[in-house]
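Visitor: Structure below; questions to follow.
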Amino acid sequence: MVASGTSASGSSSIAAPADDSPEAGFARDMATHHQQAVDLSFIVRDRTGDASVRTLAFDIINTQANQRGMMMGWLDQWGLPQHAAAKPMAWMKMGHDYAAHDGSLMPGMATNTQLAKLGSLSGRDAEVLYLQLMLEHHKGGVEMAQGYVDLAKNETEKRLAQSMVVGQTSEIQLITDMLTERGATPGVPAS
Numbered sequence: 013m014v015a016s017g018t019s020a021s022g023s024s025s026i027a028a029p030a031d032d033s034p035e036a037g038f039a040r041d042m043a044t045h046h047q048q049a050v051d052l053s054f055i056v057r058d059r060t061g062d063a064s065v066r067t068l069a070f071d072i073i074n075t076q077a078n079q080r081g082m083m084m085g086w087l088d089q090w091g092l093p094q095h096a097a098a099k100p101m102a103w104m105k106m107g108h109d110y111a112a113h114d115g116s117l118m119p120g121m122a123t124n125t126q127l128a129k130l131g132s133l134s135g136r137d138a139e140v141l142y143l144q145l146m147l148e149h150h151k152g153g154v155e156m157a158q159g160y161v162d163l164a165k166n167e168t169e170k171r172l173a174q175s176m177v178v179g180q181t182s183e184i185q186l187i188t189d190m191l192t193e194r195g196a197t198p199g200v201p202a203s
């Protein structure tokens, strides 16, 4: 691929994005957001025997770990660091006033307290909290992915972001239905 002048992302003569570009910001921030979804899913996978929750967790682990790897690979390919000093989501230029707290860096991310609580639960209680946390997580992820779709200059990364919007929007409905089946409601209880 190098000999042909084509990169792994399929671009041939496109300059690498700047460190403060939406492309770099989205890759970094969504990779961080995805890592927490993977972490949440590993926690619940070991705390329930419910097949539908375990299947959802398995799907999220595989999909989001794969997408995270792609985004980290792009940053490496572009010669950019995987972390930046910029405030999360600053690249969206939407004036996000999200105040990071207790490990929750962006909208939808669970706090360290919520992660610890999930790790202390099992069975239905773990399932419900996981579904509530993942519902909020996906809402934040969809907002960020759509924000990138609206600003994108890199077609490959834009396609990935659009697939995240579609996939996570579908999972939001699935998760809402799973909560209803368990007699629970959306919304994360105060931690």
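Everything in the sequence shown is counted per my numbering, starting at 13 for the first residue and increasing by one.
A virtual CB, placed ideally from N, CA and C, is assigned to each residue, including glycine.
Keeping to the same chain, check which residues put their C-beta closer than 6 Å to that of A39; ignore five residues upstream and five downstream.
Guide: M83, W86, L87, listed in sequence order.
Visitor: Have a look at T168 and P93 and give me their C-alpha separation to the nearest angstrom.
Guide: Distance between the alpha carbons of T168 and P93: 20 Å.
Visitor: Should E139 go down as buried or exposed, given a rule of 16 or more other Cβ atoms within 10 Å for buried?
Guide: E139 is buried by the Cβ-count criterion.
Visitor: Hey, quick one: how far does the alpha helix (DSSP H) through A95 stretch, first residue to last?
Guide: With the sequence shown as reference, residue 95 is identified as His, and Ala is not the correct amino acid for it. It is not in any alpha helix (DSSP H) - H95 carries neither H nor E in the DSSP assignment.
Visitor: Give me the residue from Q89, S33, R59 with the minimum Cα distance to L143.
Guide: L143 has its Cα closest to that of R59, out of Q89, S33, R59.
Visitor: With DSSP as the reference, please indicate the residues paired to H113 in a beta bridge.
Guide: H113 is bridged to S116.
Visitor: Does DSSP put K170 in a helix, a strand or coil?
Guide: Note: K170 maps to helix in three-state DSSP.
Visitor: Do the CB positions of M118 and H45 come within less than 7 Å of each other?
Guide: Yes, they are a contact pair.
Visitor: Should G37 be labelled buried (16 or more other beta-carbon atoms within 10 Å of its own) or exposed?
Guide: It is buried - the Cβ of G37 has at least 16 other Cβ atoms within 10 Å.
Visitor: Put K165 into one of helix, strand or coil per three-state DSSP.
Guide: The answer is coil: DSSP assigns K165 none of H, G, I, E or B.
Visitor: Nearest-angstrom Cα distance between A173 and Q158?
Guide: Rounded to the nearest angstrom, the two C-alpha atoms are 7 Å apart.
Visitor: Given this structure, state the Cα-to-Cα distance separating K99 from A63, to the nearest angstrom.
Guide: Approximately 38 Å between the Cα atoms of the pair.
Visitor: Can at least three beta-carbon pairs, one atom from the segment 48 to 59 and one from the segment 145 to 159, be found at a separation below 8 Å?
Guide: The segment 48 to 59, when compared against the segment 145 to 159, does touch it at the 8 Å Cβ threshold.
Visitor: What residue from A164, M176, T67 has the CA that sits closest to P29's CA?
Guide: Per the Cα distances, A164.
Visitor: Could you tell me the distance, in whole angstroms, from the CA atom of K129 to the CA atom of Y160?
Guide: For K129 and Y160, the distance between alpha carbons rounds to 32 Å.
Visitor: Mind checking A112: buried by the 16 CB within 10 Å criterion, or exposed?
Guide: So A112 counts as exposed.
Visitor: With a threshold of 16 other CB atoms inside 10 Å of the CB of V178, please say whether the residue is buried or exposed.
Guide: Counting Cβ neighbours within 10 Å, V178 comes out exposed, since fewer than 16 surround it.
Visitor: Could you check what DSSP says for E193 in three-state terms: helix, strand or coil?
Guide: E193 falls in the helix class under three-state DSSP.
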